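A short worksheet on the structure shown next.
Residue numbers (the working numbering): 321 to 422.
And the structure:
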């Protein structure tokens with residue numbers, strides 16, 4: 321499941337701006353597909369609330385939100401290929417965790 325959503329981000333590894341845009345889009349597309357919602361125009365607080373309503377555990381929600389936040393911050397801060405790979409792996413893990421809990 322995670323691979324499907326993260327394929328574009330994987331292709332963009334090494335290209336900071338494109339990678340983080342693709343990663344953020346992957347997270348939103350995953351939620352859109354799993355929760356039948358449009359996420360691009362809702363707040364992070366609302367996303368948290370929707371995940372809580374579906375009984376996703378708090379630690380997993382926090383991980384998901386951290387990856388979203390990291391996508392925002394990384395566009396404006398120096399980053400390395402290693403950091404991008406770690407972020408990719410973190411996103412893959414959190415998508416898998418949420419998918420198992422839904």
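Each residue gets a CB set at the ideal place from its N, CA and C atoms; glycine is no exception.
All values derive from a computational prediction rather than experimental measurement.
When 344, 361, 363, 367 are compared, the shortest CA-CA separation from residue 355 is found for 367. Of 421, 333, 326, the smallest CA-CA separation from residue 374 is found for 421. Residues of the same chain with a CB within less than 6 Å of the CB of residue 391, apart from the 5 flanking positions on each side, are 340, 343, 344 in chain order. Collapsing the DSSP output to three states places residue 416 in a helix. The distance from the Cβ of residue 322 to that of residue 412 is about 4 Å, consistent with a contact at the 8 Å cut-off. Our two residues, residue 401 and residue 350, have alpha carbons roughly 24 Å apart in a direct line.
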